[in-house]
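Below is one structure, written out as structure tokens; the observations come after it.
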Amino acid sequence: MYKVFQIVEAFGGGVFQSVRQICNNLPRDVFEVYLVYSLRNETPDNWRRLIKDDVVKIYLPMKREISPLEDLRSLASIYKLIKNYRPDIIHLHSSKAGFLGRLAAFLAFKRKGVFYSPRGFSFLMKEVSPLKRKLFFLIEKVGTLFGGKILACSPGELCEARKLTKKVLLVNNAVDLTEIDKVKPYNFEDADKIRIAISGRITFQKAPWLFRSIAEKLSSKRVEFLWIGGGELKKELMGSPVKILGWMERGKAISFLKGIDIYLQTSLWEGMPIAVLEAMACSKPVVATDVVGNRDLVVHGITGYIGKCEEELISYLRKLIENPDLRLKMGAKGRKRVEKEYSVSVLINRLTSLYISEIER
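Start counting the sequence shown at 194; every next residue gets the next number (our numbering).
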């Protein structure tokens, strides 16, 4: 069997779900799976129960921020793991693990079998200054000098990755349809209300002020806005019509998604949002901002709408609020799109083929 390392620092949110899918579903007759992980505040408390017992779990502290001393320690630890275990494949997830892992592999003279999934490039972040974004771009550019291939999780991320290197492949994010289909829809007390929701951490990336502004303009006795999750910018929603549901186990979050009518994604940047994929898998029409990831998933006018500004988002939401048949039609087409292109089986077949071809080349 081949040894496969999945190395991740951003062990929460959509990145966690993506890494979890890979760890749990890689074929065990071919691969021995190792998870090298760091912890964040957003790491689920029950994460061990969500990842199969036969995955070898190795804790390795990494800091999200640039921290020269801590980063050197993490680099040394990754280097030692590579030398001791000699993995056939090293798959790195998110920017910090991507940079340190590629450098460690280079220093360990591992010249093939290294993959990096950015899952949302740091240089696309809108919450930092243009100068800092240029620095992040430069760091990503330097990272490509250490070797490896970038696995973009969406066509939009693929275009961004090609600004860095020619060694880029597309491996779309995915959702586990079997897992989602086992969950029953949440039964809201007032079933006649139309519920519009977003799922995820309340952070700058998700633009809670935009979600709030839209809710203030559209909320009524028959329209309710929900935020499935919690986070550091919860104060942005205080005193607004938005009902914050807080953190909950994944099954319950999916149950709420199944119970709503429209999914609204107000993010400022993405890789490929797992939450949007989950909403589509739950047969919900999606209205989303026009950014990388969102526009890769939502087929405008078919599975939902892409809005370039608040006014457009509101206009599309009004159209869906007033037309239940359109909601059902778009939701059904979104589900079919996920079944065809974004299921876990498609992801695992693609990765298995890439891993084996890299090992045998």
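Every residue, glycine too, gets a C-beta built ideally from N, C-alpha and C.
Cβ separation of residue i and residue j, assumed to be a contact under 8 Å, to the nearest whole Å
i: K334; j: L357; result: 5 Å
i: R213; j: I244; result: 6 Å
i: L370; j: A446; result: 16 Å between Cβ atoms; not a contact.
i: A297; j: Y278; result: Going by Cβ atoms, the distance from A297 to Y278 rounds to 12 Å, so no, they are not a contact pair.
i: I395; j: G422; result: 6 Å
i: L547; j: I215; result: Not confirmed; about 12 Å, so no contact.
i: L154; j: L344; result: In the structure as shown, the chain begins at 194 and stops at 554. Residue 154 is therefore absent and cannot be evaluated.
i: S476; j: G524; result: 4 Å
i: M194; j: V223; result: 6 Å
i: G294; j: I283; result: 6 Å
i: V208; j: S267; result: Between S267 and V208 the Cβ distance is about 17 Å, and since that is not below 8 Å, they are no contact.
i: F299; j: G340; result: 6 Å
Residue span of the alpha helix (DSSP H) that contains residue i, given as start and end
i: F449; result: 443-452
i: W402; result: 401-411
i: E372; result: 370-374
i: I271; result: 261-278
i: A384; result: That residue, A384, is in no alpha helix (DSSP H); it is neither H nor E in DSSP.
i: K533; result: 517-534
i: I507; result: 503-514
i: E258; result: Taken as a continuous stretch (DSSP letters only), E258 belongs to no alpha helix (DSSP H), as it is neither H nor E.
i: K290; result: Checking the sequence shown, residue 290 turns out to be Ala, not Lys. First-last of the alpha helix (DSSP H) with A290: 288-300.
i: K342; result: Element bounds for K342: not the alpha helix (DSSP H) but the beta strand (DSSP E), 342-345.
i: L328; result: 323-337
i: I467; result: 467-474
i: G207; result: 206-218
Residue burial classification, residue i (beta-carbon count within 10 angstroms, cutoff 16)
i: G500; result: buried
i: R528; result: buried
i: D454; result: buried
i: V321; result: exposed
i: D383; result: exposed
i: E553; result: exposed
i: G439; result: exposed
i: A400; result: buried
i: K428; result: exposed
i: C346; result: buried
i: L232; result: exposed
i: P323; result: exposed
i: D385; result: exposed
i: S413; result: exposed
i: G424; result: buried
i: L470; result: buried
Member of the options whose CA lies at the smallest distance from the CA of residue i
i: F381; options: L362, A367, R415; result: R415
i: I275; options: R326, H286, E350, A301; result: A301
i: W462; options: E235, F397, E515; result: F397
i: N234; options: V197, E202, V223, R488; result: E202
The beta strand (DSSP E) enclosing residue i, as first and last residue numbers
i: V201; result: 195-201
i: T482; result: 479-482
i: W420; result: 416-421
i: Q458; result: 455-458
i: I549; result: Where I549 is concerned, there is no enclosing beta strand (DSSP E), although the alpha helix (DSSP H) it sits in stretches over 537-553.
i: F316; result: Element bounds for F316: n/a, residue is neither H nor E.
i: V248; result: Here V248 belongs to no beta strand (DSSP E), and DSSP marks it neither H nor E.
i: E225; result: 224-230
i: G497; result: 497-500
Residue i Cβ short of 7 Å to the ligand GDP heavy atom set
i: I453; result: Annotation note on the ligand GDP: not contained in the displayed structure, which lists no ligands.
Chain D contact for residue i (CB, 8 Å cutoff)
i: R415; result: No chain D is part of this structure, which consists of one protein chain only.
### Message
With three or more C-beta pairs closer than 8 Å as the rule, is the region 514-522 touching the region 360-377?
### Response
Judged by Cβ distances under 8 Å, the region 360-377 makes no contact with the region 514-522, as fewer than three pairs qualify.
### Query
At a cut of 8 Å, does the region 303-310 reach the region 262-269 through at least three beta carbon pairs?
Flag = no, the region 303-310 and the region 262-269 do not touch.
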